[in-house]
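Q: Residue numbers (the numbering used here): 436 to 571.
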Amino acid sequence: MASTNGSKSSTTTSKAKTTTPEKSQTRTVAETAVDIPVGAVLTVTDRVSELVEPFTGRGAAEKQLKSYRAEVRRRVKRTERRGTTARKRATTEARKTRNRVEREARKRQRTVETTIKRNRTELEERVRKAVDLLPV
436 MASTNGSKSS TTTSKAKTTT PEKSQTRTVA ETAVDIPVGA VLTVTDRVSE LVEPFTGRGA
496 AEKQLKSYRA EVRRRVKRTE RRGTTARKRA TTEARKTRNR VEREARKRQR TVETTIKRNR
556 TELEERVRKA VDLLPV
C-alpha cells in the first residue's frame, strides 16, 4: 500500500500545482478590487487637504483669496483682450467685404449703364435710318 500512498501523494501534488495559478489569479483580482477604492479614497483625501490647507488660518485664507482674485482679474483681462481682438478683426473683415461688394456693385452698374447707353444710341441710329428710308 505504500505504492498507493505514493501515487495519491503525486496526484494531490499535481492538483495543488494546477489550482495554485488559479488561486494566485483570484487573489490578484481580489487585491485589485480592494486596492482601487482605497487608493481613490487616499487621493481624494490628499486633494481635500490641499484645498483646505490654505484656509486653516485667517491670514493664510486672506492671502489665498487675494491670490484667487488676482488670478480671476488676470483671466478676465485676458478674455477681454481676446474678445477685443476678435471684434476688431471681425469688424475689419466686414468692412473689407462691404467695400469689395460695393466696388463690385459699382463696376457692374457702370457696365450695365454703358451697355444700355450703347444699345440705346445704336437703336436711335437705326430708327433714324429707318425713318429716313420711309417715303415722305
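Even glycine gets a Cβ: it sits at the ideal position worked out from N, Cα and C.
Please list the terminal residues of the continuous alpha helix (DSSP H) segment that includes V511.
A: First-last of the alpha helix (DSSP H) with V511: R493 to L568.
Q: How big is the Cα-Cα spacing for T520 and T514?
A: The alpha-carbon atoms of T520 and T514 are separated by roughly 10 Å.
Q: By DSSP, does V473 sit in helix, in strand, or in coil?
A: Here V473 sits in helix by DSSP.
Q: Ignore the nearest five residues each way along the sequence and tell me which others in N534's own chain have a CB closer than 6 Å to its CB.
A: Closer than 6 Å at the Cβ level, and outside the excluded window around N534, lies no residue.
Q: Mapping DSSP to helix, strand and coil, what is V479?
A: In the structure shown, V479 sits in a helix (DSSP, three-state: H, G or I).
Q: Tell me whether T520 counts as near the ligand ZN, meaning its Cβ is closer than 7 Å to at least one heavy atom of that ligand.
A: The ligand ZN is absent from the structure shown, which contains no ligands of any kind.
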